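Shown next, in structure tokens, is the structure this report addresses.
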Amino acid sequence: MAPVLERGVLGRKPQRVEAHGVEHVVALHAEQAGQRVADGVDPRVPHVHGAGRIREHLEDVALLGPGAAAGLEDAGVVPALLPARLDRPGLVPLVHGGHGSPRYYRGTAILHLRDRPGAGVYCAPPSTPEMVQMPENVYVADIAAHEGKEVTLRGWLHNRRSSGKLHFLQVRDGTGTIQCVVFKGNVTPEVFSEADHLPQETSVAVTGLVKKEPRSPIGFEIDVRALAVHARPTQEFPIGHKEHGVAFLMEQRHLWLRSPRQNVILRVRHTVEKAIRDFFDQRGFTLVDGPIFTPSACEGTSNLFEVPYFDLGKAYLTQSGQLYMEAAAMALGKVYCFGPTFRAEKSKTRRHLTEFWMVEPEVAWLDLDGDMVLMEEFVSFVVQAALAKHRDELARVLERDVSKLESVTPPFPRITYTEAVEVIRKEQEAQRAALPPEEAAKLPPMMVWGDDIGGDEETLVARSYDRPVMVHRYPTLMKAFYFKKDPQDPKVALGCDVLAPEGYGEIIGGGQREDDLETLEKAIAHHELPREAFEWYLDLRRYGTVPHAGFGMGVERCVAWICGLHHVRETIPFARMTERITP
RNA sequence: UCCCCAGUAGCUCAGUUGGCAGAGCAGAUGACUGUUAAUCAUCGGGUCCGUGGUUCAAGUCCACGCUGGGGAGCCA
Numbered sequence: 140m141a142p143v144l145e146r147g148v149l150g151r152k153p154q155r156v157e158a159h160g161v162e163h164v165v166a167l168h169a170e171q172a173g174q175r176v177a178d179g180v181d182p183r184v185p186h187v188h189g190a191g192r193i194r195e196h197l198e199d200v201a202l203l204g205p206g207a208a209a210g211l212e213d214a215g216v217v218p219a220l221l222p223a224r225l226d227r228p229g230l231v232p233l234v235h236g237g238h239g240s241p242r243y244y245r246g247t248a249i250l251h252l253r254d255r256p257g258a259g260v261y262c263a264p265p266s267t268p269e270m271v272q273m274p275e276n277v278y279v280a281d282i283a284a285h286e287g288k289e290v291t292l293r294g295w296l297h298n299r300r301s302s303g304k305l306h307f308l309q310v311r312d313g314t315g316t317i318q319c320v321v322f323k324g325n326v327t328p329e330v331f332s333e334a335d336h337l338p339q340e341t342s343v344a345v346t347g348l349v350k351k352e353p354r355s356p357i358g359f360e361i362d363v364r365a366l367a368v369h370a371r372p373t374q375e376f377p378i379g380h381k382e383h384g385v386a387f388l389m390e391q392r393h394l395w396l397r398s399p400r401q402n403v404i405l406r407v408r409h410t411v412e413k414a415i416r417d418f419f420d421q422r423g424f425t426l427v428d429g430p431i432f433t434p435s436a437c438e439g440t441s442n443l444f445e446v447p448y449f450d451l452g453k454a455y456l457t458q459s460g461q462l463y464m465e466a467a468a469m470a471l472g473k474v475y476c477f478g479p480t481f482r483a484e485k486s487k488t489r490r491h492l493t494e495f496w497m498v499e500p501e502v503a504w505l506d507l508d509g510d511m512v513l514m515e516e517f518v519s520f521v522v523q524a525a526l527a528k529h530r531d532e533l534a535r536v537l538e539r540d541v542s543k544l545e546s547v548t549p550p551f552p553r554i555t556y557t558e559a560v561e562v563i564r565k566e567q568e569a570q571r572a573a574l575p576p577e578e579a580a581k582l583p584p585m586m587v588w589g590d591d592i593g594g595d596e597e598t599l600v601a602r603s604y605d606r607p608v609m610v611h612r613y614p615t616l617m618k619a620f621y622f623k624k625d626p627q628d629p630k631v632a633l634g635c636d637v638l639a640p641e642g643y644g645e646i647i648g649g650g651q652r653e654d655d656l657e658t659l660e661k662a663i664a665h666h667e668l669p670r671e672a673f674e675w676y677l678d679l680r681r682y683g684t685v686p687h688a689g690f691g692m693g694v695e696r697c698v699a700w701i702c703g704l705h706h707v708r709e710t711i712p713f714a715r716m717t718e719r720i721t722p
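Under my numbering, read the first sequence as residues 140 to 722, first letter to last.
What follows is the structure, encoded as structure tokens:
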């Protein structure tokens with residue numbers, strides 16, 4: 140080992156030892172041997188600041204053992220190596236004998252520095268060499284539990300402001316963002332200067348005291364004692380703090396996810412997905428995963444993604460797991476599937492994706508009325524779960540009017556399709572009456588019974604209610620072949636759609652299935668579907684057929700509604716649309 | 001597939017009747033002990049989407065194309 144060139148008994152004031160020009164070994168040792176180390180972290184320990192940089196300069200480090208008081212020549216010096224991960228500024232990490240996990244010491248360190256400009260060690264007065272609890276690695280979300288303690292946070296630099304002798308670093312760790320205050324008097328000039336020049340999205344480990352701060356949005360700040368730069372961005376982060384266009388942000392989706400807004404949306408999505416599973420789990424449903432590859436269209440041949448499938452020709456990506464869930468319901472009673480769904484429709488609207496996630500429950504011995512009760516309880520459960528967990532974030536970050544979600548509780552209003560048509564026609568008449576005749580003539584024709592309820596019509600129906608509205612008994616001709624006809628009125632099918640309020644439109648479609656073999660055979664023929672492909676499905680009616688019902692809910696539309704978003708593309712991590720498949 | 005709109009600095013945009021290419025933000029340098037999208041000063045930064053045309057002169061007008069956005073239909 141190189142000779143010791145400097146040795147110092149450190150006073151109360153921090154002292155910096157430069158190492159440049161020649162190879163140095165710097166020894167620092169305790170002022171008062173035998174000083175008791177309090178629980179937690181004593182700020183008066185050797186601080187190895189700027190660990191990311193120090194790492195490059197340190198070749199060796201040694202710690203004086205318990206006999207430190209005897210001096211540097213004491214045989215208690217423990218040779219040790221600096222571990223690769225020096226991320227506990229404030230404590231000296233050592234690997235005994237050059238292998239094994241590092242143990243963290245406070246006490247006297249001997250640092251062997253390489254000859255590099257800027258190399259140096261900054262030390263506060265050390266206390267007794269003694270193994271101590273290392274500064275806890277904590278998350279911003281849990282910061283309140285660590286008030287008054289020294290902690291290490293690891294994350295990314297979100298933003299930075301400066302005011303002379305203070306730098307304000309906004310550090311984001313995935314659970315939240317916290318302001319870290321770097322005061323010139325608390326760190327070395329190098330660290331202070333570095334803190335003022337770190338670009339956005341630098342990954343850092345910040346060590347400091349957790350302090351209560353009324354000016355902070357989260358109530359706490361970090362009073363920085365040490366800052367370890369893990370990695371500087373190699374180039375400027377494309378997404379700044381000002382506004383950006385949608386096209387640009389979608390191209391940068393992999394980076395856009397880091398923004399506070401996208402963080403909240405993805406967390407709400409997570410909560411919604413968890414609530415979906417909790418709801419069905421609590422009610423004794425079994426999760427049955429449907430296939431992604433399907434042999435042919437579930438509901439006709441419209442708009443399916445086609446993939447080559449070995450010698451069997453073509454396969455298609457699923458557009459619904461429903462038919463398979465019907466089979467599963469006959470086996471397990473109450474089932475649901477939850478997975479991705481693919482639609483090759485060239486839909487370019489705020490409500491459409493080519494790949495989206497759908498949950499589809501199916502229940503044996505259930506009729507339309509029971510299905511509608513299940514729908515309203517399910518939607519209410521999911522909305523209330525999201526509200527309970529994210530009320531503050533929804534209101535603050537997404538500026539969502541959460542009072543609009545509070546009213547989402549059962550029962551939901553129910554109207555028939557026929558009644559909905561009347562409501563729409565009255566609205567359309569009112570619109571016409573309010574316009575001069577020549578203007579009114581330019582409007583699209585009035586809705587008549589049998590027309591589909593489009594996006595505008597959905598909004599007309601939904602806006603008179605403060606919660607989702609259930610529209611049931613649609614004309615049979617509009618619905619898929621498997622819907623059961625209403626025995627009271629065969630012109631309509633026992634289907635039901637749930638329309639979300641505030642213009643979010645259809646989030647659920649479902650209903651009671653045709654359980655009679657002959658009627659179903661006729662329906663397949665009437666829709667001109669290939670009978671062979673549905674033989675297995677007809678088997679379900681051949682072997683103990685029972686009334687059954689179910690529905691499908693699109694996760695993205697539900698999340699968009701809960702979050703109050705303009706477009707579903709923000710609700711899925713990586714949206715797939717007709718004109719976009721990257722990143 | 002149809003209808004509408006947009007494309008100018010890294011980003012968001014302005015650009016007048018067709019007459020020298022602009023601002024804010026971001027970046028760099030400096031000032032400031034409480035900033036919250038900090039502020040202030042200074043500096044650097046351009047294939048005006050592409051091709052062709054009209055014109056003394058095109059970011060601007062015309063044609064075609066490309067890319068993206070919004071909407072319709074269909075759906076969750």
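Ideal placement from N, C-alpha and C gives every residue a C-beta, glycine not left out. Since the model is a prediction, treat every value here as computed from it, not as a measurement.
Distance between residue j and residue i (C-alpha atoms, nearest Å)
i	j	result
Thr717	Pro640	27 Å
His705	Thr457	27 Å
Ala367	Ala284	23 Å
Gly598	Gln523	First, the amino acid is wrong: residue 598 is Thr here, not Gly. When rounded, the distance between both Cα atoms is 23 Å.
Ala632	His297	54 Å
Pro725	Trp588	Only positions 140 to 722 of the chain appear in this structure, which leaves residue 725 out of reach.
Gly594	Met585	15 Å
Gly315	Leu292	11 Å
Pro447	Ala454	6 Å
Thr721	Ala414	29 Å
Pro550	Val518	11 Å
Asp417	Pro356	32 Å
Leu526	Trp700	12 Å
Val308	Asp590	The residue asked about is misnamed: residue 308 is Leu in this sequence, not Val. Looking at the two C-alpha atoms, the distance is approximately 58 Å.
Trp295	Val326	20 Å
Gly358	Lys350	9 Å
Trp496	Phe622	22 Å
Ala334	Val536	27 Å
Tyr643	Arg539	14 Å
Glu515	Gln461	19 Å
Glu561	Asp636	17 Å
Pro372	Ala470	55 Å
Leu616	His529	42 Å
Trp395	Ala386	12 Å
Asp199	Ile282	Its pLDDT being 42, under 50, Asp199 is placed unreliably in this model, and the coordinates cannot settle the point.
Val165	Val330	Confidence at Val165 is low in this model, with a pLDDT of 34, below 50, so the placement of that residue is unreliable and no value is reported for it.
Nearest-angstrom beta carbon gap, residue j and residue i [assumed within contact, 8 Å]
i	j	result
Ala467	Val427	4 Å
Arg392	Phe620	Contact flag wrong, Cβ pair sits at about 38 Å.
Glu360	Val320	6 Å
Met511	His380	Going by Cβ atoms, the distance from Met511 to His380 rounds to 47 Å, so no, they are not a contact pair.
Gly650	Leu533	Rounded, the Cβ-Cβ distance is 31 Å, inconsistent with contact.
Val694	Val498	7 Å
Arg408	Thr710	6 Å
Ser435	Ala672	5 Å
Buried or exposed (CB count within 10 angstroms, at least 16 for buried), residue i
i	result
Gln421	exposed
Glu568	exposed
Gln318	buried
Pro500	buried
Trp675	exposed
Gln374	exposed
Arg652	buried
Leu544	buried
Leu348	buried
Thr488	exposed
Ser459	buried
Ala662	buried
Phe419	buried
Tyr682	exposed
Arg680	buried
Exercise. Which ranges would you report for the alpha helix (DSSP H) in the segment 650-698 if only whole runs of at least 4 residues count?
Worked result: Listed in chain order, they are 656-665 and 674-681.
Exercise. Would the segment 599-612 and the segment 484-494 be scored as touching if the rule is three or more Cβ pairs under 8 Å?
Worked result: no
Problem set entry | Contained beta strand (DSSP E) runs [length at least 3] in the segment 357-395, N- to C-terminal order | 359-370
Exercise. Which ranges does the alpha helix (DSSP H) cover as unbroken runs of at least 4 residues, wholly within the segment 297-348, from first to last along the chain?
Worked result: Listed in chain order, they are 328-334.
Exercise. Quick one: complete beta strand (DSSP E) runs, 3+ long, within the segment 450-478?
Worked result: 453-456
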